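Below is one structure, written out as structure tokens; comments come after it.
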Amino acid sequence: MYCSVLVTAPDLRTARDIGRTMVERGLAACVNIWEVSSIYRWKGEVHEGPEAAMLFKVPREGFDALRSAILEVHPYEVPCIVGYAITAGHPPYLDWISESAPPSGGEAQKPRRTGNDLIGR
4 MYCSVLVTAP DLRTARDIGR TMVERGLAAC VNIWEVSSIY RWKGEVHEGP EAAMLFKVPR
64 EGFDALRSAI LEVHPYEVPC IVGYAITAGH PPYLDWISES APPSGGEAQK PRRTGNDLIG
124 R
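Take 4 as the starting number for the sequence shown in this note's numbering and just add one per residue.
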């Protein structure tokens, strides 16, 4: 099983730093990053402002390692780190997630080449 992990950060630079670090460590296959506008309650007050959102793709077994690593570098006191189960997907893409972010978090495997690699090229 696989999951997408939503994480927010104060700005794009911080999000890029966190995202790149996690992918380089082999804790995520990839991360998508975009700007968002957030409205939230914090310490009894409502706040509104810009943030950056990150969407990581990982094997479900790798969620805890990713969460722990993000907590080591994240500037927020209580960061948003929420995992969503991927219940269906394009099988070659899901295989790529497993190969690129092994659940143990270490060195990513070189992707396997199959006959399907030639389709559409």
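Every residue, glycine too, gets a C-beta built ideally from N, C-alpha and C.
On a predicted model such as this, the values are computed, not experimentally measured, just so you know.
Residue i classed as buried or exposed, judged by whether at least 16 other C-beta atoms fall within 10 angstroms
{"i": "Ile42", "result": "exposed"}
{"i": "Ala104", "result": "buried"}
{"i": "Gly22", "result": "buried"}
Contact belief for residue i with residue j at Cβ below 8 Å, rounded distance in angstroms
{"i": "Thr11", "j": "Val76", "result": "Incorrect: roughly 14 Å between the Cβ atoms, too far for contact."}
Close-in-space but distant-in-sequence residues of the same chain around residue i (CB under 6 Å, 5 per side omitted)
{"i": "Ala18", "result": "Ala12, Ile36, Ala55, Met57"}
{"i": "Phe59", "result": "Val8, Ala31, Val34"}
{"i": "Ala88", "result": "Cys6"}
Own chain, CB closer than 7 Å to residue i, minus 5 neighbours either side, in chain order
{"i": "Gly65", "result": "Leu30, Ala104, Pro106, Gly108"}
{"i": "Glu38", "result": "Leu15, Pro53, Ala55"}
{"i": "Arg70", "result": "Ile84"}
Residues that residue i bridges to, as DSSP identifies them
{"i": "Thr11", "result": "Ala56"}
{"i": "Glu27", "result": "Its beta-bridge partners do not exist; DSSP assigns none."}
{"i": "Ile36", "result": "Met57"}
Unbroken alpha helix (DSSP H) runs of length 4 or more, entirely within the segment 64 to 114: which are they? 66 to 76, 94 to 103
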